[in-house]
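Asks:
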């Protein structure tokens, strides 16, 4: 099940890159939901698409520096078909849950300009739990790991309420895999306190495509 461990790391970062990479210098907390089409055919046969959800927030420390944090969870459930030379193909029921907690700092260079580049640095801790059932027996496996997050990109302000953001996130090795995730997003302050976001992501390691939406409250 090691492939599933590594795969769930991609979902863990859905809310980190786009939903929190825009709206620099604003204080808010919010909820996001992600929908992913997987690139791996074996995982497509288990569960496709995949749902992820998370809580996150941004807290300005200075005009140029923001502190961000998030908790995200993703689930895969379904049947995996395996093969052996004696019994041929057989079905194994699998449920996997991945949870990640992350914190990071983001430095933006031109907070008063329409085009505002940024860099980010953070840490992430992940826990993946898998339950496999076959022939009346159930086997549980739990693994956890931690890694660093490095990101860069820019926010483009179209007016006082609308902005676009894009960036790339590098995740150091976790569960024996490192990854680059490219993302972009659309951000709208519907009211002075209500933020709406839509974002897309692409994982280079797993070739997964994802879209996510979020709603946040500014304060």
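Residue numbers (UniProt numbering): 1 to 219. The beta carbon of each residue, even a glycine, is placed where N, CA and C say it ideally should be. Computed from a prediction, not measured in an experiment: that's the story for all the values here.
In the DSSP assignment, what residue or residues form a beta bridge with residue 145?
Replies: DSSP lists 126 as partners of residue 145.
Asks: Check each candidate in 111, 34, 207 and 136 and name the one with the smallest Cα separation from residue 75.
Replies: Closest option to residue 75, Cα to Cα, is 34.
Asks: Is DSSP giving residue 175 helix, strand or coil here?
Replies: In the structure shown, residue 175 sits in coil (DSSP, three-state: anything other than H, G, I, E or B).
Asks: For residue 208 and residue 185, I'd like the C-alpha separation in whole angstroms.
Replies: When rounded, the distance between both Cα atoms is 17 angstroms.
Asks: Run through the DSSP bridge pairs and tell me what residue 58 is partnered with.
Replies: In DSSP, residue 58 forms a bridge with 28 and 68.
Asks: Excluding the five sequence neighbours on either side, which residues of its own chain have a C-beta within less than 8 angstroms of the C-beta of residue 22, listed in chain order?
Replies: At residue 22 the pLDDT is 47, less than 50, meaning the model places this residue with poor confidence and gives no usable figure here.
Asks: How big is the Cα-Cα spacing for residue 27 and residue 134?
Replies: Distance between the alpha carbons of residue 27 and residue 134 is about 48 angstroms.
Asks: Do the CB positions of residue 100 and residue 140 come within less than 7 angstroms of each other?
Replies: Contact flag unset, no.
Asks: Can you tell me where the beta strand (DSSP E) with residue 193 in it begins and where it stops?
Replies: Here residue 193 belongs to no beta strand (DSSP E), and DSSP marks it neither H nor E.
Asks: Using 10 angstroms around the beta-carbon of residue 212, count the other beta-carbons present and answer buried if the total reaches 16, otherwise exposed.
Replies: Its Cβ being crowded by 16 or more others within 10 Å, residue 212 is buried.
Asks: Out of 73, 150 and 89, point me to the one whose CA is closest to residue 80's CA.
Replies: Residue 89 is the option with its Cα nearest to residue 80.
Asks: Go through its chain and collect everything with a Cβ distance to residue 146's Cβ below 6 angstroms, but skip five positions before and after it.
Replies: Same-chain partners within the cutoff: 125.
Asks: Residue 112 to residue 72, Cα distance in whole Å?
Replies: Distance between the alpha carbons of residue 112 and residue 72: 31 angstroms.
Asks: Does residue 159 come out as helix, strand or coil in the three-state DSSP assignment?
Replies: It is coil, neither helix nor strand.
Asks: Hey, residue 194 and residue 171 are a contact pair by Cβ (cut 8 angstroms); roughly how many whole angstroms apart?
Replies: About 31 angstroms; that fails the 8 angstroms criterion.
Asks: Would you mind working out which of 98, 152 and 64 sits nearest residue 167, comparing C-alpha positions?
Replies: Out of 98, 152 and 64, 152 has the C-alpha closest to the C-alpha of residue 167.
Asks: Do residue 203 and residue 176 come within 7 angstroms of each other at the CB atom, strictly closer than that value?
Replies: No, the pair does not count as a contact, with Cβ atoms beyond the cut-off.
Asks: Can you name the residues that DSSP bridges to residue 109?
Replies: Residue 109 is not bridged to any residue.
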